[in-house]
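In order, the protein sequence lines correspond to chains A and B.
According to our numbering, the residues represented by the first sequence are 947 to 1249, in order.
According to our numbering, the residues represented by the second sequence are 26 to 249, in order.
We put the CB at the ideal spot given by N, CA and C, even for glycine.
Model, not experiment: these values are computed from the prediction.
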Amino acid sequence: MKRLFPILSAITAALLAYALYQALVVAPTDAQQGDVYRIIYYHVPSAWTAFLLFFINFIASIQYLASGKDSSRRAAKWIVIAVGVLGVVVTFLPQVKAQLVSTGMRPSAMATTVLCIPAFYFLVGWLFPGDRLDVLALTTAEVGVVFCTIVLVTGPIWAKPVWGIWWAPGDIRLTSTLVLWLIYVSYLILRRFSNSAQTQMLAAALAVFGALDVPLVYFSIWFFRTQHPQPVIGGGGSMDPRMLHTLLISWMAFLCFAFLVCWSRFRLELLHREVEAVHAMKSLVGKDRVPVGTSLPLSRRPQ
Amino acid sequence: MSLWSVTLATLKKDIRLEWRSKDALNSMLFFSLLVVVIFMFSFDPLAEESRHIVGGLVWVGFLFAAVMALNQTWARELRNQVLDAYRVSPAPATALFLAKALGNFIFVSVLEALMTPLFVIFYNLRVLGPAWQLIPVAVLGTWALVVNGTFFAAISLRTRSREIMLPLLLFPISIPAVVSMVAATTSILTGEDSAHFYIVLLLTYDVVFTTACLALFEKILHAE
């Protein structure tokens, strides 16, 4: 696995360079906005990456909360399966289907998105057993906050020349993203301020609360007129195929970059915890008696 | 021991403690009085304008004041290891949470009942919309603040500098509730829009987060 890291780094660097070239040179200039619009090749992929990372954080937190007892694990499993099945069935109900088609979304695409929830849930639970779930949640939250910050910074830079204002206070997407960012910053602050063995459980609970909050934020601003451009992908928008192509390449580059950062942060956190465990062990049994290379099994959950 | 008997016993104990000491209520009352006065000096609005901004002022004032009561909820149980005794007792954790949340609800409601006349006097308020709708908004809004506040107070109890942690955790999560409360209050005061949407949204918020708190509180109480 370690040998893969430099290879992946090289691929990511190449992809990022290619995406930059595509965004600045190849992609056509927008008919109305001029060259300013090119910032979307950073703005939109960052947003998608941040939301994906927060979603993984939510899944990992639920897995972590459910992993304590067998009964809660089974309950969580069935709830997730039920969500997946219900989501697919609801999407193909005649009324919902008509509603979706009228807003320009394909029901099959919607159903696939819903199916991602159980798929991610089982994938994450299988790949990251025990305490690694918590490390994953921490990693994705940190990297997600970075990408979300990029979104919140590039948005106003674009909005000033196009809308004439830096920030539209009543806008639904802007405000939801800002609140999401606030929630995850408070999540990181909680992790920073609480350095006991309880932190992981508390943080997981907070992550679940944050995820429950986001749809409510969305609806609480529902009544305001939204200023953000409608999504151009899947929303029936008219986007030049070359622009779409550049956008997708950008997204792939950003995903690779995020994966790379998450990976190295994940390894760093594992090492950090191992060092802490050895220190704890040393102070328990005395300095001399710890054999070299001793470490506590990281998969053991705190009782 | 049933859920309700434990809840009632804990609630009675909390109310008796508060009745004798009046720690939380006095500090909340004086704090929100200060908020009213400072806002009055900083905005100095006409009656017409104040109808548009007072919804925000009232709820921000109550939110800040409620944090004082919420901070004392669990800190009170740390003395003499009462919280540890709760942990080892067979009483259900949800009963303890419900009692604390109900207690805070009562304290904040008393605060609101005492402070609302002051807001009316200082800002020359006259309600143009259906005034009775302010009651469901107040009840649902207070519960929205208090139920999450009690939960996050239990979380921040386990951190360093816990008094600072509570607002940092509570305010981001409370944003949709605050937006709904303020929007509902403003639309009732001005009589321009219907507040139904926001009342339903507040109700949804309450149901979602009460369920989440009750489901997760045992994990938080026993987290080691």
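### Query
How long is the line joining the alpha carbons of Trp1209 of chain A and Val982 of chain A, rounded to whole angstroms?
33 Å
### Task
Spatial neighbours of Ala1087 of chain A within its chain, please: CB distance less than 7 Å, with the 5 preceding and 5 following residues excluded, ordered by chain position.
Excluding residues within five positions, the ones whose Cβ falls inside 7 Å are Asn1003, Tyr1130, Tyr1133, Leu1134.
### Task
Kindly indicate the opening and closing residues of the alpha helix (DSSP H) around Gln1045 of chain A.
1040-1048
### Message
With DSSP as the reference, identify every bridge partner of Gly1090 of chain A, one or two as the case may be.
### Response
None, per the DSSP bridge assignment.
### Query
Is Ala1150 of chain A closer than 9 Å to Ile1008 of chain A when the C-beta atoms are compared?
yes
### Query
Opposite Asp1080 of chain A in the DSSP bridges: which residues?
Beta bridge pairing from DSSP links Asp1080 of chain A with no other residue.
### Query
Leu1046 of chain A touches chain B at which residues, Cβ-Cβ below 9 Å?
Near Leu1046 of chain A there are no residues of chain B at all, since even the closest Cβ is about 22 Å away, more than 9 Å.
### Option nearest Phe234 of chain B by Cα separation, candidates B:Ala126, B:Asp39, B:Leu71
Nearest option by C-alpha distance: B:Ala126.
### Message
Would the stretch 166-179 of chain B count as touching the stretch 88-103 of chain B if we require 3 or more Cβ pairs under 8 Å?
### Response
In the pairwise beta carbon analysis, the stretch 166-179 of chain B is classified as touching the stretch 88-103 of chain B: at least three pairs are separated by under 8 Å.
### Gly86 of chain B, DSSP secondary structure in three states
helix
### Proximal residues to Arg1171 of chain A (C-beta, below 6 Å), its chain only, five neighbours per side dropped
Its pLDDT being 48, under 50, Arg1171 of chain A is placed unreliably in this model, and the value from its coordinates should be taken loosely. So the list is empty, once near-sequence residues are dropped.
### Query
If we ignore side chains and look at the alpha-carbon of each, how far apart do Gly1182 of chain A and His77 of chain B end up?
Annotation note: pLDDT 44 at Gly1182 of chain A (below 50); position unreliable, coordinate value reported separately. Looking at the two C-alpha atoms, the distance is approximately 39 Å.
### Message
Quick check on this structure: which residue in A:Ala963, A:Val972, A:Val1224, A:Ser992 has the alpha carbon closest to the alpha carbon of Thr1100 of chain A?
### Response
A:Ser992
### Message
Against chain B, with Cβ distances strictly below 9 Å, would Thr1145 of chain A count as a contact?
### Response
Yes, contact with chain B.
### Query
Taking Cβ positions, are Thr210 of chain B and Trp84 of chain B nearer each other than 9 Å?
Their beta carbons are under 9 Å apart, which means Thr210 of chain B touches Trp84 of chain B by this criterion.
### Query
Are Ala169 of chain B and Asp218 of chain B close, meaning C-beta to C-beta below 9 Å?
no
### Query
How about Val162 of chain B: is its C-beta nearer than 9 Å to some C-beta of chain E?
Note that chain E does not occur in the displayed structure, where the protein chains are A and B.
### Message
Less than 8 Å between C-beta atoms, sequence neighbours within five positions excluded: which residues of the same chain meet that for Ser955 of chain A?
### Response
Leu1206
### Task
State the Cα-Cα distance for the pair Gln1256 of chain A and Ala116 of chain B, rounded to the nearest angstrom.
Residue 1256 of chain A falls outside the range modelled here, since chain A spans only 947 to 1249, and no answer is possible.
### Message
Please classify Arg41 of chain B as buried or exposed, where buried requires at least 16 other C-beta atoms within 10 Å of its C-beta.
### Response
exposed
#### Entry: Asp1186 of chain A in three-state terms, based on DSSP
coil
### Query
How many angstroms separate the CA atom of Val107 of chain B from the CA atom of Leu1193 of chain A?
58 Å
### Message
So if DSSP puts Gly1014 of chain A in a beta bridge, which residue, or which two residues, is it bridged to?
### Response
Bridge partners of Gly1014 of chain A: none, in fact.
### Query
Are Ala1204 of chain A and Leu1061 of chain A close, meaning C-beta to C-beta below 9 Å?
Contact: no.
### Task
Answer with buried or exposed for Lys244 of chain B, where buried requires no fewer than 16 other C-beta atoms within 10 angstroms of its C-beta.
Buried, since its Cβ has 16 or more Cβ neighbours within 10 Å.
### Query
Using the rule of at least 16 other Cβ atoms within 10 Å of the residue's Cβ for burial, across every protein chain shown, is Val1221 of chain A buried or exposed?
exposed
### Message
For Trp157 of chain B, count the other beta carbons within 10 Å of its own beta carbon; 16 or more makes it buried, fewer makes it exposed. Which is it?
### Response
exposed
### Message
Quick check: is the beta carbon of Ser1017 of chain A nearer than 9 Å to any beta carbon in chain B?
### Response
Closer than 9 Å: no.
### Query
In chain B, which residues lie with their C-beta within 9 Å of the C-beta of Gly1156 of chain A?
Under the 9 Å cutoff, chain B gives Pro197, Ile198.
### Query
Ala1012 of chain A and Arg1019 of chain A: beta carbons closer than 9 Å?
Inclusion of Ala1012 of chain A and Arg1019 of chain A in the CB contact set at 9 Å is warranted, their separation being smaller than that value.
### Task
Measure the alpha-carbon distance for Val31 of chain B versus Asp48 of chain B and round it to whole angstroms.
24 Å
### Message
Against chain A, which members of the stretch 205-216 of chain B pass a CB distance test of less than 8 Å?
### Response
Ser205, Ala208
### Message
Please tell me whether Leu241 of chain B has its Cβ less than 9 Å away from any Cβ of chain A.
### Response
It does; some Cβ of chain A falls within 9 Å.
### Query
Between Pro161 of chain B and Gly1156 of chain A, is the Cβ-Cβ spacing less than 9 Å?
The Cβ-Cβ distance between Pro161 of chain B and Gly1156 of chain A does not fall below 9 Å.
### Task
Could you pull out every residue in the same chain whose Cβ sits closer than 7 Å to the Cβ of Ile1005 of chain A, ignoring the five residues on either side in sequence?
Phe1066, Tyr1067, Val1070
### Query
What does a CB cutoff of less than 7 Å around Ala94 of chain B pick up in its chain, not counting 5 residues either side in sequence?
Around Ala94 of chain B: Ala49, Met53, Asn129, Phe132, Val133.
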